[in-house]
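What follows is a single structure, written as structure tokens, with notes after it.
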Amino acid sequence: MKVNRNQLGELEYSPINVGEVEQRDIQLWHSCDQLLQEIIEEEQQQKLKPNKGLSR
């Protein structure tokens with residue numbers, strides 16, 4: 147499975163050399179997608195938080 151990010155920031159998936167797809171493969175891809183979405187959301191939330199650095 148090849149994963150790319152399109153211009154809107156959405157993840158796109160493309161099969162690579164797919165022979166046989168089993169149910170456990172689909173479950174694994176679904177789990178990976180959920181994890182990637184959580185990471186993206188966390189990064190976006192971190193960007194929205196103000197920096198707590200020292201100000202002069």
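Read left to right, the sequence shown gives residues 147 to 202 (this note's numbering). Cβ atoms here follow ideal geometry from the backbone N, Cα and C, with glycine treated the same way. All of these numbers come straight from a predicted model, not from anything done at the bench.
In this chain, residue 154 is not harboured by any beta strand (DSSP E), its DSSP state being neither H nor E.
When 155, 148 and 176 are compared, the shortest CA-CA separation from residue 163 is found for 148. Inclusion of residue 157 and residue 174 in the CB contact set at 8 Å is not warranted, their separation being larger than that value. Looking at the DSSP output, residue 167 bridges to nothing. Separation of residue 194 and residue 160 (C-alpha to C-alpha, rounded to the nearest whole angstrom) is 31 Å.
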